[in-house]
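Protein chains: 2
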Amino acid sequence: MTYCVGLWLRQGLVMLADTRTNAGVDHISSYSKMYTAVVPGERMLCLMAAGNLAITQAVWSRLQEGVRLDGEVHTLSSVGSMFRAAQLVGAAIRSVYDTDGEMMEKQDVRFSVSMLLGGQIAGGAMKLYLLYSAGNFIEATVDTPFLQIGEHKYGKPILDRALKHDTGLDDGVKLVLVSMDSTLRSNLTVGMPLDLLVYQAGSHHVRLQRRITEDDAYFRGLRDCWSVALRDSYRRIPDPGWL
Amino acid sequence: MTYCVGLWLRQGLVMLADTRTNAGVDHISSYSKMYTAVVPGERMLCLMAAGNLAITQAVWSRLQEGVRLDGEVHTLSSVGSMFRAAQLVGAAIRSVYDTDGEMMEKQDVRFSVSMLLGGQIAGGAMKLYLLYSAGNFIEATVDTPFLQIGEHKYGKPILDRALKHDTGLDDGVKLVLVSMDSTLRSNLTVGMPLDLLVYQAGSHHVRLQRRITEDDAYFRGLRDCWSVALRDSYRRIPDPGWL
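Listed in order, the protein sequences are those of chains A and B.
Under our numbering, think of the first position of the first sequence as 1, with each following residue one higher.
Under our numbering, think of the first position of the second sequence as 1001, with each following residue one higher.
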């Protein structure tokens, strides 16, 4: 499995992905699930993928070679807007389905893929999209400032409670790491290392891209700090008087 | 959906179930998912159910009428041990499958049911079992002191982090309520009111059975307290120096 989460904040984007891939418990490996297309000062796009690895890699390869959209071949470096970029990723997904979908279904392999696409292209607004296997998509809004793909349930409660569109980038980074930590602890099919990307709205370049490994001092500190805080927190809840 | 959780603690059992039942979003109602069989001073058994409501009600009805196990008809009030009680519930599930399973499958309705059975019968140890649709089951242990059925992922991280077999009953109650609160906030198909049961090991009677409604002062306080604590907790995590 996979867990990827993207935050669409007033100040910018925070994107986080794990790297575990498994085809059965005895076939586990690490793959980056985060791809970027950057033209500094002009555009910054970040794509994260969950689902069948053969599909997600095929989608990314097609996007690099160019995908036909309304008669023209485009890449993420050439499309004119984030909406067109999301359509392009959707077209790439459909193109992979056209090639591989039928044979996969014959062999009872689900055509399963979902993607988060975040970024900004000069002249347009910063966007965050979630794309489905069918190539269609939804968009983050002020009311729903985060989107998740893959094994999303363990890490959702903290985001539901604490995250707002106005949350700062620093706090956003902490929250996605806490959300990921909850997932890592509860589900072995999501695994370290992690890929983190931070984008500041209006900048059109990557503010930070960081691979967080098992021995990353900050992440270890955050995990410990969060565990202690949770234990303290429930102990501070008054005892039920009726027990 | 449903969320039920049972804790198997040194001091006793804590069992919590929501009451939401839905057959589509426009067909939502409340049903208790918690059943008890108590012979005070001799036995206390508590059963909680998730899955298809027609199945879970049929299982409970059969258990009340008596189910054949190794040639004898028994109820939860007559079986000789908790292990036999779990086998009896399993036999009831299989008996419902024998009656309804084929027709359900013909109509593409999954035979989906899972149950938590906790309790103690005089002369034997206190036990907590999780039963599957096939009528087979697993048991809580010191290493795995909690079992969940239904929509379990949202509420798992807090239990993974904070719950031990040595956790006291007071703290156990707080933790299941926090775990349920996380689930209620993240998934609309799990709903209030809640049914809570607390059993003290060796007592063979119910220590507490409580229906927790929307306006339960303790639960409202706990929800507020936990929300504030979570927000404070992540704010106390140091900012990443590298951002």
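In this text, a Cβ means the ideal position worked out from N, Cα and C, and glycines have one as well.
So residue i contacts chain A; which residues on that side make the cut at Cβ distance below 7 Å?
{"i": "K1174 of chain B", "result": "Y234, I237"}
{"i": "V1198 of chain B", "result": "L243"}
What residues of chain B sit near residue i, judged by a beta carbon separation below 8 Å?
{"i": "P240 of chain A", "result": "D1170, V1173, K1174, Y1218"}
{"i": "Y154 of chain A", "result": "K1153, Y1154, K1156, P1157"}
{"i": "R185 of chain A", "result": "P1157, D1160, R1161"}
Across which residues does DSSP place residue i in a beta bridge pair?
{"i": "Y3 of chain A", "result": "A:G150"}
{"i": "S1186 of chain B", "result": "S1186 of chain B pairs with nothing; no bridge assigned."}
{"i": "C46 of chain A", "result": "A:T36, A:G118"}
{"i": "V1198 of chain B", "result": "B:V1014, B:L1208"}
{"i": "L69 of chain A", "result": "A:E72"}
{"i": "I1028 of chain B", "result": "B:N1022"}
{"i": "W1242 of chain B", "result": "W1242 of chain B is not bridged to any residue."}
{"i": "W60 of chain A", "result": "Paired residue(s): none; W60 of chain A is not in a bridge."}
{"i": "G51 of chain A", "result": "A:V113"}
{"i": "W1008 of chain B", "result": "B:L1013"}
Name the chain B residues whose beta carbon is nearer than 7 Å to that of residue i?
{"i": "V178 of chain A", "result": "Y1234"}
{"i": "S227 of chain A", "result": "R1161"}
Tell me which same chain residues have a C-beta within less than 6 Å of the C-beta of residue i, skipping the five on either side of it?
{"i": "V1178 of chain B", "result": "I1158, W1226"}
{"i": "L1088 of chain B", "result": "V1067, L1069, H1074, V1079"}
{"i": "V96 of chain A", "result": "I55, A58, V59"}
{"i": "T1213 of chain B", "result": "P1193"}
{"i": "A17 of chain A", "result": "C4, K33, M34, M48, D195"}
{"i": "A140 of chain A", "result": "W8, L128, L147"}
{"i": "M1126 of chain B", "result": "Q1120, A1201"}
{"i": "S30 of chain A", "result": "T19"}
{"i": "V14 of chain A", "result": "L7, G172, V173, V176, V198"}
{"i": "I282 of chain A", "result": "One cannot answer for residue 282 of chain A here, as it falls past the ends of chain A, which runs 1 to 243."}
{"i": "A91 of chain A", "result": "V67, L69"}
Would you mind telling me which residues of chain A sit closer than 9 Å to residue i, beta carbon to beta carbon, in chain order?
{"i": "G1221 of chain B", "result": "I237, P238"}
{"i": "A1231 of chain B", "result": "Here the sequence assigns Arg to residue 1231 of chain B, which means Ala is not the residue at that position. The contacting residues are R161, A162."}
Sorted by chain position, which residues of the same chain lie with C-beta nearer than 7 Å to residue i's C-beta, five sequence neighbours on each side aside?
{"i": "R1268 of chain B", "result": "Given a span of 1001 to 1243 for chain B in the structure shown, any question on residue 1268 of chain B remains unanswerable."}
{"i": "H205 of chain A", "result": "V38, P40, G41, M44"}
{"i": "N1187 of chain B", "result": "M1001, E1151, Y1154"}
{"i": "M1132 of chain B", "result": "In the sequence on display, residue 1132 of chain B carries Tyr and not Met. Result list for Y1132 of chain B: S1114, in chain order."}
{"i": "R211 of chain A", "result": "P193, D195"}
{"i": "Q11 of chain A", "result": "G168, L169, Q200, A201"}
{"i": "T183 of chain A", "result": "Y3, E151, Y154, G155, V190"}
{"i": "P1145 of chain B", "result": "L1007, W1008, L1009, L1163, K1164, H1165"}
{"i": "R231 of chain A", "result": "none"}
{"i": "L243 of chain A", "result": "none"}
Mind pulling the chain B residues with CB within less than 9 Å of residue i?
{"i": "L130 of chain A", "result": "Those do not exist, as L130 of chain A stays about 17 Å from chain B at its closest Cβ, beyond 9 Å."}
{"i": "S182 of chain A", "result": "K1156, P1157, I1158, D1160, R1161"}
What distance in whole Å lies between the Cβ atoms of residue j and residue i, which are believed to be in contact at a cut-off of 8 Å?
{"i": "A1229 of chain B", "j": "R62 of chain A", "result": "Rounded, the Cβ-Cβ distance is 47 Å, inconsistent with contact."}
{"i": "L1147 of chain B", "j": "L1163 of chain B", "result": "Incorrect: roughly 11 Å between the Cβ atoms, too far for contact."}
{"i": "A86 of chain A", "j": "L117 of chain A", "result": "6 Å"}
{"i": "L20 of chain A", "j": "G191 of chain A", "result": "For the sequence presented, residue 20 of chain A should be read as Arg rather than Leu. 3 Å between Cβ atoms; contact."}
{"i": "L130 of chain A", "j": "I121 of chain A", "result": "That belief does not hold up - the Cβ atoms of L130 of chain A and I121 of chain A are roughly 18 Å apart, past 8 Å."}
{"i": "G1124 of chain B", "j": "M1082 of chain B", "result": "6 Å"}
{"i": "R1161 of chain B", "j": "R185 of chain A", "result": "7 Å"}
{"i": "R1220 of chain B", "j": "D1181 of chain B", "result": "Going by Cβ atoms, the distance from R1220 of chain B to D1181 of chain B rounds to 10 Å, so no, they are not a contact pair."}
{"i": "A1217 of chain B", "j": "I1149 of chain B", "result": "That belief does not hold up - the Cβ atoms of A1217 of chain B and I1149 of chain B are roughly 28 Å apart, past 8 Å."}
Could you work out which residues of chain A lie near residue i, taking near to mean beta carbons separated by less than 8 Å?
{"i": "L1208 of chain B", "result": "W242, L243"}
Considering only residues of the same chain and omitting the five flanking positions on each side of residue i, which have a CB-CB separation below 8 Å?
{"i": "Q64 of chain A", "result": "T75"}
{"i": "F111 of chain A", "result": "N52, I55, Y97, D100, G101, M104, E105, S133"}
{"i": "V1109 of chain B", "result": "N1052"}
Item checked: alpha helix (DSSP H) runs wholly inside the region 1111-1171 of chain B, at least 4 long, in chain order -> Fully enclosed alpha helix (DSSP H) runs of 4 or longer: 1156-1162.
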